[in-house]
Amino acid sequence: MAAKPVPLSRAGTRVQVSFEFFPPKSAEMEANLWEAATRLEPLNPAFVSVTYGAGGSTRERTHALLERLVRETTMKPAAHLTCVGASKDEIRATLRAYRGADVRHIVALRGDPPTGFDAPYEAAPDGYQSTADLVADARRIADFEVSVGTYPEQHPQSPTLLHDIEILRQKIDAGATRAITQFFFDNSVYFRFLDVAAAAGIHVPIVPGIFPVQNFKQTANFARRTGASVPQWLADRFEGLEDDPATRRLVAAAVCAEQVIDLIDHGVEELHFYTMNRADLVFAICHLVGLRARPVAIEPDEQEPLPLRRRAW
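If you want it as structure tokens, here you go:
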């Protein structure tokens, strides 16, 4: 009997990862964020993205976090930037500020209206009508790498999946070089989306967004608002664990590991983790698929104590 081929997840296939953080709103949340960043940095992520919302305070927290990542870590930050609530001139000024702060990567998104996720999008006065317009401006202003978002299960406001594909094509034509998906739990959804995108002539990397389930009830509520389906089998696995956090963490690790290993065995080489500013589960999954923490490179003349480090690029 011929030996079965070794699954890619066990054959030492190199996987590239990236992580998403969100700006903290309190001192406690800030401590949690930097604990997570310090834990994940030695895995040498391709980049770490920082979320961004409309409104002054959220933008200021995003900018502060990006500047600190540049100043104190070796990780390459990618700044989320949305079309919501700002004019073209304001966003262009933000792009120039990012470039001046040594941020080389933008995650360009339309963004959710401040009146709610389900509200129709309305551009701000003299604002961008579409994400593709924002992508084109970012590429004109500086040598940014530009990633964009996409929904493998169809955006809640989109009439069809093919409409989503056309919107993605417009963003790529404007200069985007990578798409990162909304999270999903059924891998067949992602593979089907890849097939449809390829048939439409889209060949940039479409990186799966992975959401490790920390709290199933909260995750299910968030999924419903963002159009991500929650399979019954997933609900069944967490059934009865509301008051058993230890078992819930073990189940969460098993569920996420199962999803990630299946993606790798089907040839996926890039993964984007929505960390929720928590590191342990994400770190464990990365270790499971072969990533190993390595010492963070520090310039020889550095005398600063950790975690103060300068960028190596």
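Under my numbering, the sequence shown has 8 at position 13, and the numbering climbs by one with no breaks.
Using N, Cα and C, we set each Cβ at its ideal position, and we do this for glycine too.
For Y269, no alpha helix (DSSP H) encloses it; the enclosing beta strand (DSSP E) starts and ends at E265 to Y269. Using a Cβ distance threshold of 8 Å, A174 and V141 do not count as a contacting pair.
Within the same chain, Cβ atoms closer than 8 Å to the Cβ of G170 are found at V130, A131, A133, R134 and V141, the five residues on either side in sequence being excluded.
Annotation: G285 to R9 spans about 7 Å, alpha carbon to alpha carbon. One thing to note: A74 has its Cβ no nearer than 8 Å to the Cβ of V43. Cβ-Cβ distances below 6 Å link F268 to F14, I205 and V277 in the same chain, with the five nearest sequence neighbours on each side left out; the list follows chain order.
The beta-bridge partner set that DSSP reports for S142 consists of V102 and R173. Within the same chain, and ignoring the five residues on either side of S82 in sequence, the residues whose Cβ sits closer than 6 Å to its Cβ are A119, D121 and G122. Each residue's CA atom was taken as its position, placing E264 and P147 some 18 Å apart. For A73, the enclosing beta strand (DSSP E) covers residues P72 to T77. In this model, T57 and L76 are separated by some 10 Å (Cα to Cα). For Q149, no beta strand (DSSP E) segment is defined, and its DSSP state is neither H nor E. With respect to N272, A59 sits apart: the two C-beta atoms are not nearer than 8 Å.
Contact between I167 and I201 is absent: CB atoms are separated by about 10 Å, not below the 8 Å threshold.
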